[in-house]
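Engineer: Under this note's numbering, read the sequence shown as residues 1 to 225, first letter to last. Glycine included, C-beta positions come from ideal geometry on N, C-alpha and C.
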Amino acid sequence: MVKKVWVSHSGGKDSMLALHRMMNRSDIEVVGLLTTVTEGFERSTTHGIREELVDLQAELLGLPMHKVFLPKDPSNENYNLRIFDAYYTARDEGISHIVFGDILLKDVRDYREKQVQESGLEAIFPLWGESTDDLIHAFMDLGYETIITTIDPKIVPLSFLGGKITADLLESLPENVDVCGENGEFHTFVVDGPLFERPLPYEISEHTHEGPYYTYIDLVRSETT
1 MVKKVWVSHS GGKDSMLALH RMMNRSDIEV VGLLTTVTEG FERSTTHGIR
51 EELVDLQAEL LGLPMHKVFL PKDPSNENYN LRIFDAYYTA RDEGISHIVF
101 GDILLKDVRD YREKQVQESG LEAIFPLWGE STDDLIHAFM DLGYETIITT
151 IDPKIVPLSF LGGKITADLL ESLPENVDVC GENGEFHTFV VDGPLFERPL
201 PYEISEHTHE GPYYTYIDLV RSETT
């Protein structure tokens, strides 16, 4: 029986690789994507990507995007209420599973599984337990292009912001940084690859934003493409 799924999708490399794997399974039908957006800022939560680009990426992937709108710094109760609403909507639309791109952090996996199961759904973790080095090279070998949009400045130098993930860039990362940023060292946004109808038109703004924990670079839609 074919499972209908939503993919929890930040727009970054891990969720994109999870999506790629699901799209290539005969027992899975990817019906849509799910992301969180911060109210009043019109940007994706954590990654800080403009909502316009989140929408455009989904359009180029040919999949509907379902959004959970969160207040800035939501309480756990508020976050859970809104996430559960999305999961209940998925269940009512015939979705049986939510797919996540988590790799190694068991506490995160346990938290997601608990929420999903309490909503009457099941979770799939297609990247779980694999070597992050193997995963990032598999991702690049597939032909995806991704930009580092967010860094933890205490760990990753500012010069990496806006850089494309390449073998050379990975080699130059500080020794204590996971190549997939699995510990939150950096986040990314994917702009091209085999699932895209065409490359996402973007420009890198000179503007950077300093948050309490992260530094962000602003990607904007290119007007020339």
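With distances taken Cα to Cα, identify the nearest neighbour of F189 among E171, F100, G211 and V220.
Structural biologist: V220
Engineer: Looking only at its chain, what residues have a beta carbon closer than 7 Å to the beta carbon of E130, apart from the 5 residues adjacent to it on each side?
Structural biologist: Only residues of its own chain outside the window of five on either side were considered, and among them I103 have a CB closer than 7 Å to the CB of E130, listed in chain order.
Engineer: For M1, count neighbouring Cβ atoms within 10 angstroms of its own Cβ and tell me buried if that reaches 16, exposed if not.
Structural biologist: exposed
Engineer: Would F139 and I148 be called neighbours here (beta carbons separated by less than 7 Å)?
Structural biologist: The Cβ atoms of F139 and I148 lie no closer than 7 Å to each other.
Engineer: With which residues is Y202 paired in a DSSP beta bridge?
Structural biologist: Note: Y202 sits in a beta bridge opposite R221.
Engineer: Quick one: complete alpha helix (DSSP H) runs, 4+ long, within the stretch 14 to 98?
Structural biologist: 51 to 61 and 76 to 92
Engineer: Measuring CA to CA, which of T150, N80, D27 and I155 is closest to I165?
Structural biologist: In this structure, T150 is the residue among T150, N80, D27 and I155 with its C-alpha nearest to the C-alpha of I165.
Engineer: What three-state label does DSSP hand K4 in the structure shown?
Structural biologist: strand
Engineer: State buried or exposed for S10, treating a residue as buried only when at least 16 other CB atoms are found within 10 Å of its CB.
Structural biologist: With 16 or more Cβ atoms within 10 Å of its Cβ, S10 is classed as buried.
Engineer: Would you mind reading off the limits of the beta strand (DSSP E) that contains F186?
Structural biologist: Element bounds for F186: F186 to D192.
Engineer: Let me confirm a value: R198 is counted as buried when at least 16 other C-beta atoms fall within 10 Å, else exposed. Which label applies?
Structural biologist: Here R198 is exposed. Its C-beta has fewer than 16 other C-beta atoms within 10 Å.
Engineer: Between P157 and the ligand MG, is there a pair consisting of the residue's CB and a ligand heavy atom that are separated by less than 6 Å?
Structural biologist: In the structure on display, the ligand MG does not appear, and there are no ligands present to speak of.
Engineer: Please report how far the alpha carbon of F125 lies from the alpha carbon of V99, in whole angstroms.
Structural biologist: 6 Å
Engineer: Exposed or buried, what is E185 when buried is set at 16 or more other beta-carbons lying within 10 Å of its beta-carbon?
Structural biologist: buried
Engineer: Taking one C-beta from the stretch 109 to 122 and one from the stretch 11 to 29 each time, how about it: are there three or more such pairs within less than 8 Å?
Structural biologist: Put simply, the stretch 109 to 122 does not touch the stretch 11 to 29. Fewer than three CB pairs are less than 8 Å apart.
Engineer: Between which two residues does the beta strand (DSSP E) containing E118 stretch?
Structural biologist: E118 -> not in any beta strand (DSSP E); alpha helix (DSSP H) instead, spanning K106 to E118.
Engineer: Helix, strand or coil: which one does DSSP assign to P212?
Structural biologist: Residue state, collapsed to three classes: coil.
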